[in-house]
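Chains as they are written, first to last, in this note's numbering: chain A, 14 to 57; chain B, 36 to 434. Report on the following structure.
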């Protein structure tokens with residue numbers, strides 16, 4: 014069985030990249046609040 | 036009745052009863068809810084979850100038709116965000132009417148977590164996050180795309196939750212006292228025991244409880260480390276501490292399994308250190324949890340009188356009333372088993388006994404003895420019978 018390769022980015026980096034990306038929601042505060050509420054639902 | 040007037044009356048009733056004065060009406064509450072509102076409306080979750088307005092209108096049909104004074108809104112309104120990341124810890128029920136915790140999909144880590152949380156907490160949580168959200172095992176661009184899709188779904192879910200809260204508050208006149216919804220102000224006091232992190236997250240219930248015997252020193256060191264971090268984050272604001280509501284909060288779950296010494300060591304001494312100053316200033320604290328708690332309930336006599344609101348789950352409310360009913364408010368009522376298996380008369384009789392034995396002297400809020408999370412947790416007919424009977428007993432009139 015192949016060993017799972019862990020990518021060299023961190024999860025928090027990915028969340029931050031999506032918070033910084035204004036293509037899906039114009040208001041940064043909403044983007045940040047959305048990601049934070051999502052993390053709660055993911056048991057993280 | 037005008038929604039604003041109804042909400043104001045409920046607030047006054049709550050202020051009276053939590054201070055052990057008999058209210059004009061014993062309010063009824065719905066504590067935790069997820070899917071049952073849609074089941075009541077006969078609507079499938081997956082048919083409406085992309086449309087906040089349709090979801091919220093369908094979901095609140097029950098709140099308009101059943102006499103419930105207090106609620107917090109649903110805990111989840113979509114599973115799409117988690118599923119977009121490959122996380123299937125919660126799934127839709129086969130009838131589409133609700134959601135359920137798919138415990139077989141939970142993934143836990145080994146006992147190294149107790150050391151690792153001290154030496155590299157961020158790295159540990161990253162590893163745990165990847166294990167339960169496989170999108171983070173993919174190349175960066177794919178992970179970013181998955182999170183963007185999840186965030187779009189979460190945005191819709193948040194809009195749905197906000198709309199449900201608005202309808203409950205402004206159109207129906209329901210009241211929220213718990214502080215986590217209905218637009219409550221931001222200053223928030225809470226304490227949850229550190230062992231939760233291992234019990235409910237990193238190790239899972241069975242292994243975490245075994246670790247108390249196998250690795251007691253490591254568990255202790257890890258919990259002590261987390262508590263120091265918790266303590267360092269607490270900010271006491273004099274003005275907000277004086278406000279009874281929104282309530283501060285605490286939770287119990289692994290605490291149900293603790294010996295008295297473990298209860299004190301892993302929960303109660305820390306709870307008192309953080310929350311006692313808040314209660315002494317005037318804030319009320321809401322304790323919610325899962326499991327049987329009676330063996331520890333007397334400890335809450337060490338809190339200031341009329342400071343705690345305790346939601347009972349598995350315990351006998353009449354025994355709890357004898358133990359702490361003059362000191363703490365109890366939130367209790369018929370359990371799901373009775374609603375599922377009992378006759379209409381048995382449900383009515385139980386609700387009457389609750390009002391006869393728990394309500395005198397204040398300190399009682401009527402609620403179902405379990406949260407309604409999955410659609411089939413309790414039949415609609417039983418829920419309606421329970422709340423309508425409570426309404427009749429608290430007002431002397433028909434619902």
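All residues carry an ideal CB built from backbone N, CA and C; glycine is no exception.
Handout entry: Cβ-Cβ distance between residue 390 of chain B and residue 373 of chain B below 9 Å
Key = Against a cut-off of 9 Å, the Cβ pair of residue 373 of chain B and residue 390 of chain B comes out as no contact.
Handout entry: Cβ separation of residue 28 of chain A and residue 182 of chain B, assumed to be a contact under 8 Å, to the nearest whole Å
Key = Contact between residue 28 of chain A and residue 182 of chain B holds, since their C-beta atoms are separated by about 6 Å, short of 8 Å.
Practice task
Report yes if the C-beta distance between residue 469 of chain B and residue 198 of chain B is below 9 Å; otherwise report no.
Solution key: Lying outside 36 to 434, the shown extent of chain B, residue 469 of chain B is not represented and no answer is given.
Practice task
Identify which residue in B:122, B:135, B:176, B:370 has its Cα closest to the Cα of residue 413 of chain B.
Solution key: Looking at B:122, B:135, B:176, B:370, the one whose alpha-carbon comes closest to that of residue 413 of chain B is B:370.
Problem - Partner residues on chain B for residue 20 of chain A, Cβ-Cβ distance less than 8 Å - result: Within chain B, the residues near residue 20 of chain A are 171, 172, 173, 174, 175, 178.
Handout entry: Rounded C-alpha distance that separates residue 400 of chain B from residue 415 of chain B
Key = Rounded to the nearest angstrom, the two C-alpha atoms are 21 Å apart.
Exercise for the section: Would you grab the beta carbon distance between residue 75 of chain B and residue 43 of chain B for me? Rounded to a whole angstrom, and I think it's under 8 Å. Expected result: Not confirmed; about 27 Å, so no contact.
Practice task
Name, going along the chain, the residues of the region 18 to 45 of chain A whose beta-carbon falls closer than 9 Å to a beta-carbon of chain B.
Solution key: Going along the region 18 to 45 of chain A in chain order, one finds 18, 19, 20, 21, 22, 23, 24, 25, 26, 27, 28, 30, 31, 32, 34, 36, 37, 38, 43, 44 with a Cβ nearer than 9 Å to chain B.
Practice task
Say whether chain A places a C-beta atom closer than 9 Å to the C-beta of residue 162 of chain B.
Solution key: At least one chain A Cβ lies under 9 Å of residue 162 of chain B.
Practice task
Please work out which residues of its chain come closer than 8 Å, Cβ to Cβ, to residue 277 of chain B, disregarding the five sequence neighbours upstream and downstream, and give them in chain order.
Solution key: Counting only Cβ-Cβ distances below 8 Å, and skipping sequence neighbours, we find 316, 317, 318.
Exercise for the section: Alpha carbon to alpha carbon, how far is residue 153 of chain B from residue 355 of chain B? Give it in angstroms, no decimals. Expected result: So the two alpha carbons sit approximately 39 Å from each other.
Problem - 9 Å Cβ cutoff, residue 198 of chain B in contact with chain A - result: No, no contact with chain A.
Practice task
State the start and end residues of the unbroken alpha helix (DSSP H) segment that holds residue 366 of chain B.
Solution key: Note, residue 366 of chain B: premise wrong, no alpha helix (DSSP H); beta strand (DSSP E) at 364 to 367.
Problem - For residue 285 of chain B, the three-state DSSP class (helix, strand or coil) - result: Strand, per DSSP.
Practice task
Closer than 8 Å by beta-carbon distance: list the chain A residues that pair up with residue 120 of chain B, in chain order.
Solution key: Chain A residues near residue 120 of chain B: 55.
Practice task
Using a Cβ cut-off of 9 Å (strictly closer), state whether residue 189 of chain B contacts chain A.
Solution key: Interface residue, yes.
Handout entry: DSSP-derived helix/strand/coil call for residue 376 of chain B
Key = Residue 376 of chain B carries a helical assignment under DSSP once its states are collapsed to helix, strand and coil.
Handout entry: According to DSSP, residues forming a beta bridge with residue 226 of chain B
Key = Answer is B:285.
Problem - Alpha carbon of residue 305 of chain B to alpha carbon of residue 256 of chain B, nearest angstrom - result: Each residue's alpha carbon lies about 14 Å from the other.
Problem - Limits of the unbroken alpha helix (DSSP H) element including residue 262 of chain B - result: Bounds of the alpha helix (DSSP H) holding residue 262 of chain B are 251 to 268.
Practice task
Within its chain, find whatever has a CB closer than 8 Å to the CB of residue 48 of chain A; leave out the 5 residues flanking it on each side and keep chain order.
Solution key: Annotation for residue 48 of chain A: 28, 31, 32 place their beta carbon closer than 8 Å to its own, counting only its chain and skipping 5 residues before and after.
Practice task
Please classify residue 320 of chain B: does DSSP put it in a helix, a strand, or coil?
Solution key: When secondary structure is reduced to three states using DSSP, residue 320 of chain B falls in the strand class.
Handout entry: Cβ-based burial, residue 226 of chain B [other Cβ within 10 Å; buried from 16]
Key = Answer is buried; the Cβ neighbour count reaches 16.
Practice task
In angstroms with no decimal places, state the Cα-to-Cα distance between residue 375 of chain B and residue 417 of chain B.
Solution key: Cα to Cα, the separation comes out at about 7 Å.
Handout entry: Spatial distance of residue 173 of chain B from residue 117 of chain B (CA atoms)
Key = Taking the straight line joining both Cα atoms gives about 16 Å.
Problem - C-alpha distance - residue 426 of chain B paired with residue 387 of chain B, whole-angstrom precision - result: Taking the Cα positions, residue 426 of chain B is about 11 Å away from residue 387 of chain B.
Exercise for the section: Report the option in B:168, B:364, B:326, B:353 whose CA atom is closest to the CA atom of residue 336 of chain B. Expected result: The shortest Cα separation from residue 336 of chain B among B:168, B:364, B:326, B:353 belongs to B:364.
Practice task
Could you tell me whether the Cβ of residue 116 of chain B comes closer than 9 Å to any Cβ of chain A?
Solution key: Yes, because at least one Cβ of chain A sits closer than 9 Å to the Cβ of residue 116 of chain B.
Handout entry: Closer than 7 Å at the beta carbon, the chain A residues around residue 49 of chain B
Key = What residue 49 of chain B touches in chain A: nothing, since even the nearest Cβ is about 27 Å away.
Exercise for the section: Take residue 38 of chain A as the anchor and find which of B:83, B:187, B:80 has the nearest alpha-carbon. Expected result: Nearest neighbour of residue 38 of chain A by Cα position, chosen from B:83, B:187, B:80, turns out to be B:187.
Problem - Residue span of the alpha helix (DSSP H) that contains residue 426 of chain B, given as start and end - result: Segment 415 to 430, the alpha helix (DSSP H) holding residue 426 of chain B.
Problem - Within chain A, the residues that residue 193 of chain B reaches when beta carbons sit closer than 8 Å - result: Below the 8 Å Cβ cutoff, chain A contributes 46, 47, 50 as neighbours of residue 193 of chain B, in chain order.
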